[in-house]
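K.L.:
So the sequence shown is numbered by the working numbering: it starts at 1 and just counts up by one.
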Amino acid sequence: MSRAREQRWNHNIHFHRLVTDAVPAGADSALDVGTGDGVLAGELRAILPDVTGIDLDEGVLTRAAAENPGVEWIQDDVMTHEFGRTFDVVASIATLHHFRDTHEALRRLGTLTSPGGVLVVVGLARSTTLGDHAHDVLGIIQHQWFSRTRTLWEHSAPTVWPPPHTYSEVRAAASEELPGVQWKRFALWRYALTWRKPQ
1 MSRAREQRWN
11 HNIHFHRLVT
21 DAVPAGADSA
31 LDVGTGDGVL
41 AGELRAILPD
51 VTGIDLDEGV
61 LTRAAAENPG
71 VEWIQDDVMT
81 HEFGRTFDVV
91 ASIATLHHFR
101 DTHEALRRLG
111 TLTSPGGVLV
121 VVGLARSTTL
131 GDHAHDVLGI
141 IQHQWFSRTR
151 TLWEHSAPTV
161 WPPPHTYSEV
171 RAAASEELPG
181 VQWKRFALWR
191 YALTWRKPQ
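1. Please report the residue range of the beta strand (DSSP E) in which T194 lies.
2. With DSSP collapsed to three states, give me the class of L119.
3. Between A4 and Q182, what straight-line distance do the alpha-carbon atoms span, to the nearest angstrom?
4. Helix, strand or coil for A94 per DSSP?
5. In terms of residues, what are the limits of the beta strand (DSSP E) holding L44?
6. Using the rule of at least 16 other Cβ atoms within 10 Å of the residue's Cβ for burial, across every protein chain shown, is K184 buried or exposed?
7. Can you give me the C-alpha to C-alpha distance between R196 and L106, rounded to a whole angstrom?
8. Determine whether the beta carbon atoms of G42 and R63 lie at a separation below 9 Å.
9. Are F99 and T52 touching if we call contact CB-CB under 9 Å?
10. According to DSSP, simplified to helix, strand and coil, what is F30?
11. Excluding the 5 residues preceding and the 5 following V71 in the sequence, name in chain order all residues of the same chain whose CB lies nearer than 6 Å to its CB.
12. Enumerate, from N- to C-terminal direction, the unbroken beta strand (DSSP E) stretches of 3 or more residues contained entirely within the segment 53-97.
13. Would the beta-carbon of S29 fall within 9 Å of that of D76?
14. Nearest to A174 by CA position, among G59, T102, I13, is which residue?
15. Is there a Cβ of chain D sitting closer than 9 Å to that of V90, yes or no?
16. Please go through the same chain and pick out, in chain order, the residues whose beta-carbon is closer than 8 Å to the beta-carbon of Y167, but skip the five residues on each side of it.
Next up, the structure:
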């Protein structure tokens, strides 16, 4: 990976390490859902031999493929695409809020995760509680700091704003669809769901 790519930073790249650190021992395959410009897929390909990125947008996939050889790129809807297999790692960064039905999307991602594999979802949602707004204030402070100390990189993937679901709604859906899921709220307007699929 070039030094310029290593220095890229934005609110999504900031949390990529939550995915790479969660890769189970012995894992071979990964699926990056809503891969966008393919930055996370490229990082996963550096540590895993079999990485697939899927996205609906042709333009971002073209740019992703140019920067990240060795990744299988699929232009399709993850909800309906026939993969014909499961993956040791399923990751989704800032994508879950693009789905109308959070429950259905989480069920689908869980289905695509291999037994013993890990699902990591980093997302954003709508703030409604005092705790949410406190995290947002911290996010403003962190953003100002990192913007001065890192190279802020603007992705080219389509965005959805405002998020249709609240943090409480996403957490409740995850608890229902992914028993034993671990939830953590972060500043920089993000949360993380980590789930190990039973063997």
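Quick reminder that beta carbons are idealized off the backbone N, C-alpha and C, glycines included.
As the structure is a prediction and not an experimental result, all values here were calculated from the model.
P.N.:
Working from what's here:
1. Residue 194 sits at position 194 when you count from the first residue of the sequence shown. Unbroken beta strand (DSSP E) run through T194: 190-196.
2. Numbered from its first residue, the sequence shown carries residue 119 at position 119. Strand, per DSSP.
3. Taking the sequence shown and counting its residues from 1, one reaches residue 4 at position 4. Taking the sequence shown and counting its residues from 1, one reaches residue 182 at position 182. Bear in mind that the predicted position of A4 carries a pLDDT of just 47, short of 50, making it unreliable; the figure below should be weighed with that in mind. One C-alpha to the other measures close to 33 Å.
4. As a working mapping, residue 94 is identified with position 94 in the sequence shown. In this structure, A94 counts as coil in the three-state DSSP scheme.
5. On the sequence shown, residue 44 is found 44 positions in, with the first residue counted as 1. Premise fails: L44 lies in the alpha helix (DSSP H), 39-45, not in any beta strand (DSSP E).
6. One-based indexing of the sequence shown puts residue 184 at position 184. Classification for K184: exposed.
7. Residue mapping note: residue 196 aligns to position 196 of the sequence shown, counting from 1. Residue mapping note: residue 106 aligns to position 106 of the sequence shown, counting from 1. Those two C-alpha atoms are separated by around 13 Å.
8. The residue given as residue 42 occupies position 42 in the sequence shown. The residue given as residue 63 occupies position 63 in the sequence shown. No, the pair does not count as a contact, with Cβ atoms beyond the cut-off.
9. As a position in the sequence shown, residue 99 is number 99, starting the count at 1. As a position in the sequence shown, residue 52 is number 52, starting the count at 1. For F99 and T52, no; Cβs fall outside 9 Å.
10. Along the sequence shown, read from residue 1 onward, the residue named residue 30 stands at position 30. Note that residue 30 corresponds to Ala in the displayed sequence, not to Phe. Looking at A30 - three-state DSSP - the assignment turns out to be strand.
11. Counting from one through the sequence shown, the residue named residue 71 turns up at place 71. A41, R45, V51, G53.
12. 72-75, 87-93
13. Within the sequence shown, residue 29 is the residue found at index 29, counting from 1. Within the sequence shown, residue 76 is the residue found at index 76, counting from 1. Not a contact, by the Cβ cut-off of 9 Å.
14. Locating residue 174 in the sequence shown gives position 174, counting from the first residue. Nearest C-alpha to A174: T102.
15. Absence of chain D from the displayed structure is noted, only one protein chain being present.
16. Here residue 167 refers to the residue found at position 167 when the sequence shown is read from its first residue. A125, R126, S127, T128, T129, D132, R185, Y191.
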